[in-house]
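Read the sequence shown against the working numbering and you will find it ends at 1047, with the numbers running on by one and no gaps. The beta carbon of each residue, even a glycine, is placed where N, CA and C say it ideally should be. Here the structure is a predicted model, which is why all the values come from computation and not from measurement. Right, one structure below, let's go through it.
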Amino acid sequence: EGKYAVGHFEINSNQFQDAWDYICGEWLPQSGYQMDDGLCYELYLNDPAEHPENKHIVDIHVPIKPL
981 EGKYAVGHFE
991 INSNQFQDAW
1001 DYICGEWLPQ
1011 SGYQMDDGLC
1021 YELYLNDPAE
1031 HPENKHIVDI
1041 HVPIKPL
(Lines of atoms letter the chains of each structure in order from A and count residues from 1; the text may use other names and numbers.)
(Lines give C-alpha, C1' and ligand atoms only; values in the text may rest on other atoms or scores of the structure.)
Protein backbone atom coordinates (compact mmCIF):
# COMPACT_ATOMS: atom_id res chain seq x y z
CA GLU A 1 0.00 0.00 0.00
CA GLY A 2 1.20 3.52 -0.70
CA LYS A 3 3.16 5.08 -3.52
CA TYR A 4 6.30 3.44 -4.89
CA ALA A 5 8.98 4.54 -7.30
CA VAL A 6 9.86 1.70 -9.63
CA GLY A 7 13.17 1.47 -11.42
CA HIS A 8 13.34 -1.00 -14.30
CA PHE A 9 16.79 -2.45 -14.95
CA GLU A 10 18.44 -4.99 -17.22
CA ILE A 11 21.66 -5.75 -15.39
CA ASN A 12 24.40 -8.27 -14.73
CA SER A 13 24.49 -9.94 -11.34
CA ASN A 14 27.34 -7.65 -10.21
CA GLN A 15 25.32 -4.48 -10.98
CA PHE A 16 22.54 -4.74 -8.37
CA GLN A 17 24.34 -2.34 -6.00
CA ASP A 18 24.76 0.15 -8.87
CA ALA A 19 21.02 -0.01 -9.57
CA TRP A 20 20.17 0.63 -5.90
CA ASP A 21 22.75 3.43 -5.73
CA TYR A 22 21.15 5.07 -8.78
CA ILE A 23 17.60 4.95 -7.37
CA CYS A 24 18.47 6.05 -3.83
CA GLY A 25 21.49 8.26 -4.51
CA GLU A 26 20.71 9.92 -7.85
CA TRP A 27 17.05 9.63 -8.83
CA LEU A 28 15.39 10.05 -5.43
CA PRO A 29 17.21 13.27 -4.37
CA GLN A 30 16.16 14.97 -7.64
CA SER A 31 12.62 13.60 -7.77
CA GLY A 32 10.75 15.81 -5.30
CA TYR A 33 10.10 12.71 -3.19
CA GLN A 34 11.70 11.12 -0.19
CA MET A 35 11.75 7.56 1.03
CA ASP A 36 8.63 6.61 2.98
CA ASP A 37 8.03 3.92 5.58
CA GLY A 38 7.49 0.55 4.02
CA LEU A 39 9.54 -2.18 2.46
CA CYS A 40 11.84 -1.80 -0.51
CA TYR A 41 11.88 -4.85 -2.72
CA GLU A 42 13.10 -6.32 -5.99
CA LEU A 43 10.76 -8.00 -8.46
CA TYR A 44 12.61 -10.44 -10.73
CA LEU A 45 11.07 -10.63 -14.18
CA ASN A 46 13.15 -13.29 -15.89
CA ASP A 47 15.51 -16.21 -15.53
CA PRO A 48 18.94 -14.80 -16.41
CA ALA A 49 19.99 -18.23 -17.73
CA GLU A 50 17.43 -17.73 -20.51
CA HIS A 51 18.57 -14.17 -21.36
CA PRO A 52 20.92 -13.96 -24.38
CA GLU A 53 23.43 -11.95 -22.28
CA ASN A 54 22.63 -13.72 -18.96
CA LYS A 55 21.19 -10.47 -17.59
CA HIS A 56 18.64 -10.03 -14.84
CA ILE A 57 15.53 -8.03 -15.68
CA VAL A 58 14.39 -6.56 -12.38
CA ASP A 59 12.09 -3.85 -11.04
CA ILE A 60 13.30 -2.17 -7.86
CA HIS A 61 10.44 -0.77 -5.76
CA VAL A 62 11.07 2.02 -3.22
CA PRO A 63 8.27 3.50 -1.06
CA ILE A 64 8.06 7.28 -1.52
CA LYS A 65 6.22 10.36 -0.27
CA PRO A 66 6.43 14.02 -1.35
CA LEU A 67 9.10 16.19 0.26
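Tell me the residue span of the beta strand (DSSP E) that contains Ala1029.
Reading the sequence shown from its first residue, position 49 is the one you call residue 1029. Neither: Ala1029 is in no beta strand (DSSP E) and is coded neither H nor E.
Alpha carbon to alpha carbon, how far is Ala985 from Phe996? Give it in angstroms, no decimals.
Position 16 of the sequence shown holds residue 996. Position 5 of the sequence shown holds residue 985. If you take the alpha carbons of Phe996 and Ala985, they lie about 16 Å apart.
With distances taken between CB atoms, is the gap from Asp1027 to His988 smaller than 8 Å?
Start at 1 with the first residue of the sequence shown, and residue 1027 comes out as number 47. Start at 1 with the first residue of the sequence shown, and residue 988 comes out as number 8. No, the pair does not count as a contact, with Cβ atoms beyond the cut-off.
Which residues mark the beginning and the end of the alpha helix (DSSP H) in which Gln997 is found?
Here residue 997 refers to the residue found at position 17 when the sequence shown is read from its first residue. Note, Gln997: alpha helix (DSSP H), Phe996 to Asp1001.
Count the other C-beta atoms from every protein chain shown that fall within 10 angstroms of the C-beta of His1031, then say buried if there are 16 or more, exposed otherwise.
Translated into positions along the sequence shown, residue 1031 becomes position 51. Under this definition His1031 is an exposed residue.
Using DSSP's beta-bridge definition, name the partner residues of Gln1014.
Along the sequence shown, read from residue 1 onward, the residue named residue 1014 stands at position 34. Partner(s): Lys1045.
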